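A.B. asks:
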Amino acid sequence: MTIATLPRQGRNIGYRIEGDANKAPLLLLHGGLGSMDDFAAVLPSLAEQFHVIQMDFRGHGRSTLGNLSTSSPSISYARHLQDVIALLDHLAIERCSVLGFSDGGIVGYWLACQYPQRVQRLVTVGSQWRLADDDPARAILADVTESFWRQQFAPEVASYEQSNPEPDFTRLLQQVQCMWLDGSGYPQQQVQNIVCPVLLMRGDEDFLLSLAETIALQQQLADACIANIPMASHALLQEQPTVAVTLIRQFLENNEAE
1 MTIATLPRQG
11 RNIGYRIEGD
21 ANKAPLLLLH
31 GGLGSMDDFA
41 AVLPSLAEQF
51 HVIQMDFRGH
61 GRSTLGNLST
71 SSPSISYARH
81 LQDVIALLDH
91 LAIERCSVLG
101 FSDGGIVGYW
111 LACQYPQRVQ
121 RLVTVGSQWR
131 LADDDPARAI
141 LADVTESFWR
151 QQFAPEVASY
161 EQSNPEPDFT
171 RLLQQVQCMW
181 LDGSGYPQQQ
191 VQNIVCPVLL
201 MRGDEDFLLS
211 LAETIALQQQ
221 LADACIANIP
231 MASHALLQEQ
241 PTVAVTLIRQ
251 FLENNEAE
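Read in order, the letters of the sequence shown are residues 1 to 258 in full-length UniProt numbering.
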């Protein structure tokens with residue numbers, strides 16, 4: 001499927017649409033330093049049932065980063081959110097369901113908090129809602145280096161450097177890591193403003209999002225359930241795609257009338 005682009009504040013946001021336009025819209029939001037390819041293992045099944053909209057966050061995948069400013073970072077959850085709204089407006093999608101992986105789920109929380117009328121249902125996968133100073137995930141995220149990421153995710157970095165019109169992985173990592181470690185960028189207690197049904201998914205071996213934090217989030221939400229997937233880590237969509245798709249589709253089908 002061809003990648004389209006949306007000009008946005010001096011950068012181009014790449015997006016792709018799959019599935020029947022007459023079916024319910026489902027927006028997929030990928031993880032930090034990833035791309036819409038994060039959903040490759042589950043996309044075919046989801047596209048059978050939904051009108052799927054994918055996008056690459058600014059600087060990621062096929063989307064350009066644009067000019068950087070030391071005083072005003074180009075990448076933040078708030079900026080990702082505004083890019084999402086711009087794309088939905090561009091496509092004339094008033095309301096949709098959202099599936100967000102990791103950072104994509106954090107943007108999904110913000111979308112459901114600030115634009116409740118735009119979100120019908122929300123599914124997040126391994127997505128933090130806050131990052132306390134003593135959260136073990138903070139040290140893990142702070143220790144990420146370019147050499148580590150290039151070694152652990154060599155195919156993904158190679159794909160980025162080949163497909164991005166203006167690749168600069170060093171600056172992208174710096175920007176994303178600052179976003180990860182800025183505790184004020186997470187929705188925290190504002191998740192209480194979410195009114196749509198929410199499915200909180202995590203792998204049982206996820207080292208970034210603990211089950212305790214997931215339960216704490218569930219207690220903040222009006223209508224939420226948890227799916228803790230055995231034999232899966234943070235990358236559960238790749239590790240357990242069949243289980244993930246089954247749970248996602250069941251949740252979305254059960255809430256279609258919402």
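For glycine and all other residues, C-beta sits at the position ideal for the given N, C-alpha and C. All figures in this text were calculated on a predicted structure; none of them were measured in a lab.
When DSSP builds the beta bridges, which residues end up paired with isoleucine 226?
C.D. replies: Reading the sequence shown from its first residue, position 226 is the one you call residue 226. Looking at the DSSP assignment, isoleucine 226 forms a beta bridge with Leu200.
A.B. asks: Taking all protein chains shown into account, do 16 or more other C-beta atoms lie within 10 angstroms of the C-beta of valine 245, making it buried, or fewer, making it exposed?
C.D. replies: Within the sequence shown, numbered from 1, the residue matching residue 245 stands at position 245. Answer is buried; the Cβ neighbour count reaches 16.
A.B. asks: Quick check on DSSP: helix, strand or coil for tyrosine 15?
C.D. replies: In the sequence shown, counting from the first residue as 1, residue 15 sits at position 15. Here tyrosine 15 sits in strand by DSSP.
A.B. asks: Take valine 243 and list the residues in its own chain whose beta-carbon comes closer than 7 Å to its own, dropping the five residues that flank it on each side.
C.D. replies: The residue given as residue 243 occupies position 243 in the sequence shown. Excluding sequence neighbours, valine 243 sits near Ile229.
A.B. asks: What span of residues does the beta strand (DSSP E) with proline 25 cover, start to end?
C.D. replies: Walking along the sequence shown from the start, residue 25 turns up at place 25. Proline 25 -> beta strand (DSSP E) spans 25-29.
A.B. asks: From glycine 10 to aspartate 83, what does the alpha carbon distance come to, in whole angstroms?
C.D. replies: Within the sequence shown, the letter at position 10 stands for residue 10. Within the sequence shown, the letter at position 83 stands for residue 83. Each residue's Cα considered, the two are about 12 Å apart.
A.B. asks: Out of curiosity, what's the CA-to-CA distance linking leucine 6 and histidine 90?
C.D. replies: By 1-based counting over the sequence shown, the position of residue 6 is 6. By 1-based counting over the sequence shown, the position of residue 90 is 90. Computed Cα separation, rounded: 8 Å.
A.B. asks: Whose CA, out of Met55, Met36, Ala24 and Gln120, lies closest to the CA of glutamate 48?
C.D. replies: Here the question's residue 48 lines up with position 48 in the sequence shown. Among Met55, Met36, Ala24 and Gln120, the Cα nearest to that of glutamate 48 is on Ala24.
A.B. asks: Helix, strand or coil, according to DSSP, for leucine 172 in the structure here?
C.D. replies: By 1-based counting over the sequence shown, the position of residue 172 is 172. The answer is helix: DSSP assigns leucine 172 an H, G or I state.
A.B. asks: Assess, as a yes-or-no matter, whether the stretch 203-221 is touched by the stretch 132-147 under the definition of 3 or more beta carbon pairs within less than 8 Å.
C.D. replies: Under the 8 Å Cβ criterion, the stretch 132-147 counts as touching the stretch 203-221, having at least three qualifying pairs.
A.B. asks: What does a CB cutoff of less than 8 Å around cysteine 96 pick up in its chain, not counting 5 residues either side in sequence?
C.D. replies: If you number the sequence shown from 1, residue 96 lands on position 96. Ala24, Pro25, Leu26, Leu27, Ile53, Leu88, Arg118, Val119 and Gln120, listed in sequence order.
A.B. asks: For glutamate 253, is the classification buried or exposed, using 16 other Cβ atoms within 10 angstroms of its Cβ as the cut-off for buried?
C.D. replies: In the sequence shown, the residue the question calls residue 253 occupies position 253. Its Cβ having fewer than 16 others within 10 Å, glutamate 253 is exposed.
A.B. asks: Using the Cβ count rule (16 or more neighbours within 10 Å means buried), how would you classify methionine 231?
C.D. replies: As a position in the sequence shown, residue 231 is number 231, starting the count at 1. In summary, methionine 231 is exposed, with fewer than 16 beta-carbon neighbours lying within 10 Å of its beta-carbon over all protein chains present.
A.B. asks: If you check the beta carbons only, do glycine 126 and glycine 203 fall under 8 Å apart?
C.D. replies: The count along the sequence shown starts at 1 and reaches residue 126 at position 126. The count along the sequence shown starts at 1 and reaches residue 203 at position 203. It is a contact, given that the beta carbons lie within the stated cut-off.
A.B. asks: By the 10 Å Cβ neighbour count, where 16 or more other Cβ atoms means buried, how is alanine 257 classified, buried or exposed?
C.D. replies: Locating residue 257 in the sequence shown gives position 257, counting from the first residue. At alanine 257 the pLDDT is 47, less than 50, meaning the model places this residue with poor confidence; the figure from the coordinates comes in the next sentence. So alanine 257 counts as exposed.
A.B. asks: Can the beta-carbon of valine 191 be found closer than 8 Å to that of tryptophan 129?
C.D. replies: Counted from its first residue, the sequence shown places residue 191 at position 191. Counted from its first residue, the sequence shown places residue 129 at position 129. In contact: valine 191 and tryptophan 129 (Cβ atoms closer than 8 Å).
A.B. asks: Give, in chain order, every unbroken run of the alpha helix (DSSP H) that is at least 4 residues long and sits entirely within the stretch 88-130.
C.D. replies: 103-114
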